[in-house]
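Numbering (our numbering), first residue to last: 1 to 106.
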């Protein structure tokens, strides 16, 4: 199952709700959301800096990842950024892909 890096930041009422519910409740909600679409939460951490939350999730495919991101984003309480993660073996396979490409000015 593909893995995704989720970076999220709470906005507006999302910050207030996090303070009221606590971090464990948000982790559980994230785990339930993943399971509800056939996925799994692998790791979940709160962080300082640009993102409030960093998570690694397994989801069935890119369509499911996009749909889940839209669902979460529609709440207006959290902004998310999703990055597809590739294994070293997938990069090995990608490195063997050839094609016809001309760089700009080349």
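Positions of the beta carbon are idealized from the N, C-alpha and C atoms, including for glycine.
Going by the CB atoms, is the gap between residue j and residue i shorter than 8 Å?
i, j, result
"residue 57", "residue 91", "no"
"residue 76", "residue 12", "yes"
"residue 9", "residue 100", "no"
"residue 55", "residue 44", "yes"
How long is the line joining the alpha carbons of residue i and residue j, rounded to whole angstroms?
i, j, result
"residue 60", "residue 85", "13 Å"
"residue 3", "residue 23", "23 Å"
"residue 65", "residue 104", "33 Å"
If you follow the beta strand (DSSP E) that residue i is in, where does it begin and where does it stop?
i, result
"residue 42", "40-46"
For the alpha helix (DSSP H) containing residue i, name the first residue and the last one.
i, result
"residue 15", "13-21"
From the DSSP output, in three-state form, read off residue i for me.
i, result
"residue 58", "strand"
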